[in-house]
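Trainee:
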Amino acid sequence: MQDPVLQLPKPQALLTRSGWAVFLLALVVVCAIAPFLNLMVPAGSFFHLSDYMVALLGKIMCYAICALAMDLIWGYTGILSLGHGLFFALGGYMMGMYLMRQIGRDGNYKSDLPDFMVFLDWKELPWHWALSDSFVATLALVVLVPGLLAFVFGYFAFRSRIKGVYFSIITQAMTFAAMLLFFRNETGFGGNNGFTDFKRILGMPLATPSMRMVLFILTGLTLLGFFLLARYLVSSKFGRVLQAIRDAEGRVMFSGYNPIGYKLSIWVISAMMCGVAGALYVPQVGIINPSEMSPAQSIEMAIWAAVGGRGTLIGPIIGAFVVNGAKSWLTVSAPEFWLYFLGALFIAVTLFLPAGIVGVLRDPGSLLRTLRDFRKGR
Amino acid sequence: MHKIFHFLSALLLVCVTLNSGPAWALTPEQALAIANGDSDSRIQALTKAVTQADAKTAAFLQALADDAVKVGDGKAFIVRDGKASDPVTGAELALPDGAEDVVNNNRMRGEIESALAALKLLSPEIQVRRQAIKALQGEADLNKLPLLDKALAAETDATLKTQLGLVRASMILGSDDRVQRLEAARQLATSRNPGTKTVLLDRLKLEEDPQVKSALQAALSSVESSLVWGDRLGAIFSGISLGSILLLVALGLAITYGLMGVINMAHGELMMIGAYATFVVQGVFRTFFPGAFDWYLLAALPVAFLSAALVGAALERSVIRFLYGRPLETLLATWGISLVLQQAVRSSFGAQNVGVENPSWMSGGVQLMDNLQLPWNRVIIVAFAMAVLAGMAFLISRTRLGLFVRGVTQNRPIAACMGVNTARVDTYAFALGSGIAGLAGCALSQIGNVGPDLGQAYIVDAFMVVVVGGVGQLAGTVYAALGLGVLNKFLEGWTGAVLAKISVLVLIIIFIQKRPQGIFAMKGRSAEA
C-alpha cells in the first residue's frame, strides 16, 4: 500500500503560452515600436508619438512599478502600506542629488555646490550626500536606502505584531514625519523646492529626444522585469505562504511558520521596487520635492492597485495606466472634476469592484451580482 | 542732606503738578532747545525739562512724538490740523515762513517716548499710571530719577507703589554709590518681571565691586526662579491648549473609529464642514443681525454640529454601512469621500481661505503673572473641549442611545436579538461622531485658517491620538490628547515646532511598537478582533 504523501502542487510555469506572447508584445512595443513612432515617424504624421506622450507614458510606467510593489504587499500579503510614497521619494531623492551634482558649475551661482545649498549658505556638502557624486553608488543607494528604512521599520513593526489598520496608520505617520523633515531647509534636502533644473546624466545632456527615449525604454524594461520577478515570487512557495498570511495569519503560525520573515522580506522587496521607480521617475519628470511624500500620494498608489485588481499582477499595471491616464486628461480638460472623479473612483471601487477591472474582465457577471446585493442593502 | 533736598524738590514738584495752572515750568527757550540742535544737546534739554515738567511739557512732548512740531524764527511751534500754536501759552500764532519740520531720529524718538512715559507717571488716572510703569520697566536712565521720586511720593496705590519702587531700584543700579547699588540689588530680588532680568544681567557685566556683584547674582537667581514658574506654567498651558484641540479633533474619531471601527479618513473634512458652517453663520449675522454679531458663535455651534452630523449620517447610509468589518476598505472609501467633500467646498466657497473673526469677548486674556498671560480664546477652547468631553461621556455612559451604541459595538447579534435596531444605532452613532467633528471645526475656526484643506492638517494627529490612547477607550483618548499636546509644546521649547512634531511622531511609532494596543489595551476577546 502506498504511503499517503502530502504533495505540493507542481510548480507552475512562470507565464502561460499566451501570457508569454503578451509579454513579448509589450517588450517589442517598448523597445522598438515606441522609439520608432517617436523618433522616425515625422512629427505631423498620425502615427507620430509626441514627446509629451513619451514623457507621460514613462511617468505612468514608473507609477505602474509602484502599483506592482503595492500589490505585492497589499494584494498578496494583506498589509496596506501608506508609506510607499516615502520609499518612492527616497529613491527619487538619491537619484535627484546625483543629477544635482552632475550640474557641476553650470548652476546660477557657478559653484561646486548645488544652487539651493549656495542659496542657504552651506559651505560644504553635508555628510549624507558624500556618495552622491558616483553613479554606481547612487544606483546602490536608490535600492539600499528605502530597503534599509523598510527593514528597520518593518522589523520592529512586525515583531510587535502590528497589523491591519494600525500598520497603515503608523506607516502614514512615518511618511508624514519624513515629509516634515524634508520640507526643512536645514536638513539638506532642498526644502519645499526639492531638486530640479537637472542638466545631464553620466555627462550626457538630459533634455534630448534620444536620452528621453533611453529612459523610457529603461523604465519599460524595469517594469517588465519586475513583473517577471513578482510573478516568480507569488507563484513560488514563498508567495503561497504570503497569500496564506493574508487569508489567515493565525493558521499560518499554528502550522509552524513564522510570518515575520515572510512579511519582512516582501515588505523590503516592495520598498526597493518603489525606490527604483522613484529613481527612474526623477530624470524623466525633472523635479523631486517633498510633496511626493504627502499622505495623499501613498493612498493614491493603493487605489491604482485596487482599480486594476488586487491579488493579480497585471491588474495594478492596468490600474496605474487607467487612473493616471484619466488624471492627465481630466486635470487638463476639467481640473475641477478631477478630485470628484478620483473620490468617486475610491468609493466605487471599494463598493462595487472589490476585484478591480481584472475581476470584471474575468467574470463580467460579478459586477451585476455585487450591484444586486448592494440594492438589496446586503 | 542730599536726600532731604530730593524730598523737598519732589514735594515742590508735586505741588506744582497738583495745582498746575499758572506756574509754567516749560519755557520757550526750553521748547526750542528740545526741538532744535543736535541730538545730544536736545536730549540734554529734554532731560532737564522732564525733571521740572508740567502738563504743557507733556503736551509738547506728545506733539514731538507725533511729528507735529515746527521750528521757525527762533521759536518752536506745535502744528496740529494746520493751526500753529505756542507750546508754552497755548495761544494760536501765525506760522512764520520757512518754518521747518522737526525730524527725530530713532534715538531721539526713544528718549521722547520714555520721557513721555515718565511724565504719565503723574497722571491722575490709575490706568495711565499703570501703563506708564509698565513702559518704564527695565529703564536704567538715572536722569529720570527725580521724576520717579516725585511719582513715588505721590503714588497712593500700594501695588503700583511697589512696582514703582522696583523701577526706581533698577535705575539706581546704575548709580555711582555702591551702598545704593547694593540696596537696589536687594530690592530687585523681589521683582517678577522679565525686564528686571535684563537690567540685572546688563549691570552684572559692568559691576566691579565684589559685594554688589554677589548681591546682583543673588537677585538674578531669585528673579530667574520666579520667572521659571511663569515660563513653565506658560508651556504647560499651551500644551494643555494644544492637547484640548487634539482632544476635540479626536473625540469624534473615538466614536467612529474607537467604538465603531470605521477608519474615517473624511473626519477632517467633517471638521472642515463645521468650520465653514461657522463661516456661513457669521455671514448671516453680519448681514441680518449686526447688533448681535458678538454672539454669532453661540448660534454657530448647533449649526456646525447639525450640518456635520447630517453629512455624516448621509455618508453612513450611502457608503459606510456596506463596509463594516472591512477596515482597509473603509479607509479607501472614506478617503474618496474626503476628496469629494474638499472639492465640493472648493467649488462653492473658492480655493482661498475664508475669514472667520473672533468675537470681541474672545480677544485679550488674563494676566496671571508678569510673564504669563492666558489668551481668552485658548482658555475658552480648553473649557469647550472639557464641556464636549463631559457631554459625550454622559451621552455614552448614561443615556439609552449610549447604551445601545455600546451594546451594538460589543456584540451586534445579541443586541439585535434584544430588539435593538442596530442599523439605526449605527447611523446615530456615526452622526454623533461627525457632529462632534463639526464642533471641533467650529472651535478650530477661531484659532486657525479656514480653508478646503483644514481637515488634512489634523487627520494624522487625530489618528495618532486615538491609536496612542487605545482604540475604544474614551479615557485613553483624553490622556493621549493632553499628553501629546504637552509633550509637543515642551519639545518645541528645545527644538522648534517642526522638529518637535517629527520627534513626537517618531516617539509614537516607537511607543506603538511597545504597546500595540495603546495606553489602555482592550482586554478579552475584543482585543484580537
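Sequence order for the protein chains is A and B. Taking the numbering used here, the leading residue of the first sequence gets 40, the next gets one more, and so forth. Taking the numbering used here, the leading residue of the second sequence gets -5, the next gets one more, and so forth. For each residue, glycine too, the CB sits at the ideal point set by N, CA and C. In this text, all values refer to a predicted model and were calculated from it rather than measured experimentally.
Residues in the same chain with beta-carbon distance under 7 Å from B:L20, minus the five sequence neighbours each way, listed in chain order, please.
Mentor: Cβ neighbours of B:L20 beyond the five flanking positions: A43, D48, K50, T51, F54, P81, V82.
Trainee: Where does B:E94 sit, in a helix, a strand or coil, going by DSSP?
Mentor: Here B:E94 sits in strand by DSSP.
Trainee: If we require 3 or more residues per run, which beta strand (DSSP E) segments fall completely within the region 23 to 100 of chain B?
Mentor: Listed in chain order, they are 63 to 66, 69 to 74, 77 to 79.
Trainee: Can you tell which of B:I502, B:L468, B:Q346, B:A377 has its C-alpha closest to the C-alpha of B:P446?
Mentor: Looking at the Cα atoms, B:Q346 is the closest of the given residues.
Trainee: Determine whether the beta carbon atoms of A:P322 and A:L254 lie at a separation below 8 Å.
Mentor: Yes, they are a contact pair.
Trainee: From A:N232 to A:L369, what distance separates their C-alpha atoms?
Mentor: The straight-line gap from Cα to Cα measures roughly 25 Å.
Trainee: With distances taken from CA atoms, which of B:T421, B:A474, B:G512, B:V206 is nearest B:L167?
Mentor: When each option's Cα is compared against that of B:L167, the closest is B:V206.
Trainee: Given B:A523, which residues of its chain have a CB within under 6 Å of its CB, disregarding the five upstream and five downstream residues?
Mentor: At B:A523 the pLDDT is 40, less than 50, meaning the model places this residue with poor confidence; the figure from the coordinates comes in the next sentence. No residues qualify anywhere along the chain.
Trainee: At which residue ranges does the region 321 to 360 of chain A contain complete alpha helix (DSSP H) runs of 4 or more residues, listed in the order of the chain?
Mentor: DSSP runs (the alpha helix (DSSP H)) wholly in the region 321 to 360 of chain A: 334 to 347.
Trainee: Going along chain D, which residues have a C-beta under 8 Å from B:K495?
Mentor: The structure shown contains no chain D; its protein chains are A and B.
Trainee: Mind checking if A:A394 is an interface residue toward chain B, Cβ cutoff 8 Å exclusive?
Mentor: Judged by the 8 Å Cβ criterion, A:A394 is not in contact with chain B.
Trainee: How is the alpha helix (DSSP H) around B:L362 delimited, first residue to last?
Mentor: Run containing B:L362: none in the alpha helix (DSSP H); it sits in the beta strand (DSSP E), 359 to 363.
Trainee: Following the continuous alpha helix (DSSP H) through B:Q535, name the residue where it begins and the one where it ends.
Mentor: The requested residue 535 of chain B is not part of the displayed model; chain B covers only -5 to 523.
Trainee: Check the C-beta distance from B:C436 over to B:A294 and give it rounded, since I have them as a contact under 8 Å.
Mentor: Contact flag correct, Cβ pair sits at about 6 Å.
Trainee: At a cut of 8 Å, does the region 202 to 221 of chain A reach the region 154 to 172 of chain A through at least three beta carbon pairs?
Mentor: No: the two stretches stay apart, fewer than three of their Cβ pairs being nearer than 8 Å.
Trainee: Is the beta carbon of B:A88 sitting closer than 8 Å to the one on B:R74?
Mentor: The answer is no: Cβ separation not under 8 Å.
Trainee: Return the residues of the region 312 to 334 of chain B that lie within a Cβ-Cβ distance of less than 7 Å from chain A, sorted by chain order.
Mentor: So the list reads V313, F316, L317, P321, L322, E323, L325, L326, A327, W329, G330, I331, L333, V334, given in the order they occur along the chain.
Trainee: If we count the other Cβ atoms within 10 Å of its Cβ and call it buried at 16 or more, is B:A17 buried or exposed?
Mentor: Any reading at B:A17 must be qualified, since the residue scores a pLDDT of 43, below 50, and its modelled position is unreliable; the value itself is stated next. Counting Cβ neighbours within 10 Å, B:A17 comes out exposed, since fewer than 16 surround it.
Trainee: At a CB-CB cut-off below 7 Å, which residues of chain B make contact with A:L303?
Mentor: Residues of chain B passing the Cβ test: none, with the nearest at roughly 14 Å.
Trainee: Is the region 113 to 128 of chain B in contact with the region 150 to 168 of chain B, if contact means three or more CB pairs nearer than 8 Å?
Mentor: With a cut-off of 8 Å, the region 150 to 168 of chain B and the region 113 to 128 of chain B count as touching, because enough Cβ pairs lie within range.
Trainee: What's the gap between the Cα of B:G429 and the Cα of A:S274?
Mentor: If I take the Cα positions, the gap works out to 48 Å.
Trainee: Where DSSP assigns a beta bridge to B:Q367, which residues make up the other side?
Mentor: DSSP lists B:Q361 as partners of B:Q367.
Trainee: Could you work out which residues of chain B lie near A:R223, taking near to mean beta carbons separated by less than 7 Å?
Mentor: Correct list: V492.
Trainee: For A:P185, does the three-state DSSP call read helix, strand or coil?
Mentor: Helix.
Trainee: Quick one: Cα of B:K155 to Cα of B:G246, how far?
Mentor: Each residue's Cα considered, the two are about 52 Å apart.
Trainee: With three or more beta-carbon pairs closer than 8 Å as the criterion, would you say the region 295 to 314 of chain A touches the region 324 to 334 of chain A?
Mentor: As far as the Cβ criterion goes, the region 295 to 314 of chain A does not touch the region 324 to 334 of chain A, which means the pair count is below three.
Trainee: Spell out whether any CB of chain A is found under 8 Å from the CB atom of B:S341.
Mentor: Judged by the 8 Å Cβ criterion, B:S341 is in contact with chain A.
Trainee: I want to see whether chain A comes within less than 8 Å of B:F457, judged by CB atoms only; does it?
Mentor: At least one chain A Cβ lies under 8 Å of B:F457.
Trainee: Could you tell me the distance, in whole angstroms, from the CA atom of B:Q336 to the CA atom of B:L395?
Mentor: So the alpha carbons of these two residues sit roughly 31 Å apart.
Trainee: Rounded to the nearest angstrom, how far is the Cβ of B:L240 from that of B:A475, given a contact under 8 Å?
Mentor: The Cβ separation is near 4 Å, so the contact holds.
Trainee: Could one say the Cβ of B:Q125 lies closer than 8 Å to chain A's Cβ atoms, at least one of them?
Mentor: No, its Cβ sits nowhere closer than 8 Å to a Cβ of chain A.
Trainee: Would you say A:A344 and A:M109 are within 8 Å of each other, going by their C-beta atoms?
Mentor: Against a cut-off of 8 Å, the Cβ pair of A:M109 and A:A344 comes out as a contact.
Trainee: Going by Cα to Cα distance, which pick from A:S304, A:V181, A:P329 is closest to A:V315?
Mentor: Measuring from the Cα of A:V315, the nearest candidate turns out to be A:V181.
Trainee: Output, in chain order, the set of chain A residues within a Cβ distance shorter than 9 Å of B:I257.
Mentor: Ordered by position in chain A, the residues that pass the 9 Å Cβ test against B:I257 are V204, S207, I208.
Trainee: So the alpha helix (DSSP H) A:T247 belongs to, where does it begin and stop?
Mentor: Here A:T247 belongs to no alpha helix (DSSP H), and DSSP marks it neither H nor E.
Trainee: Let me check understanding here. Comparing Cα to Cα, which of B:A456, B:E323, B:A434 lies closest to A:T389?
Mentor: Taking only the C-alpha atoms, the option nearest A:T389 is B:E323.
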